[in-house]
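In this note's numbering, the protein residues as written are 16 to 231. Beneath this line is the structure, given in structure tokens, with notes to follow.
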């Protein structure tokens, strides 16, 4: 069930606007915020993707204010696909939107597949972002070496049979990441986590609890 405080909105950006959905927990302004980034626009990715939806729901249930949005050229978002570079500007626009409305005390960026590649790059570099979550890391099709220099807490969730991710490459990236970190392997799951979303959300919920209570 959706949160009681759910609103559709428009996020302004320098070259247009983005379509988004903001979900707020009950009980006043959230202490924590999260931006969720969806998978590849050219392969049907939208903010309504089921992995993104369930991750957003898990964070909202943990007390986060959660902003999902469509990248440029998707749904009612203006513009066209920009190969991950323009999409980074979209993530920054989403962060700007939150910064104009809420205290930025604890801000997470989470992404699935292409959204992990785009979102984590922005999250590592943007000082407003405290924590990162990557789900379905496509190491075979995108470069994630930036994680080796990222000192922010990060959770990586990966299916052991992910057809777009190399397990050894991801393990190497994880071991090299210098900050607090967690890696959750979903044994036997593919890139789309068919029938395994409960395990994805359980890994995310566990990481959230660990971060709230102390370092994982």
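Heads up, the beta-carbon is just placed ideally off N, CA and C, and yes, glycines get one too. Treat the numbers as computed from the prediction; the structure is a model and nothing was measured.
Ranking 199, 224, 150 and 220 by CA distance to the CA of residue 67 puts 150 first. Scanning its chain for C-beta atoms nearer than 7 Å, with the 5 sequence neighbours on each side dropped, one finds no residue around residue 224.
Within the stretch 68 to 113, complete alpha helix (DSSP H) segments of at least 4 residues are not found at all. For residue 160, the closest C-alpha among the options 26, 185 and 72 is that of 185. Between the beta-carbon of residue 81 and that of residue 108 there is about 16 Å, and that puts the pair past the 8 Å contact cut.
Its chain contains 161 and 165 as the residues whose beta carbon lies nearer than 6 Å to that of residue 139, once the 5 sequence neighbours on both sides are disregarded; these appear in chain order.
Out of 176, 148, 152 and 120, the CA that lies nearest to the CA of residue 218 is found in 148. By the 16-neighbour rule on beta-carbons within 10 angstroms, residue 41 is exposed.
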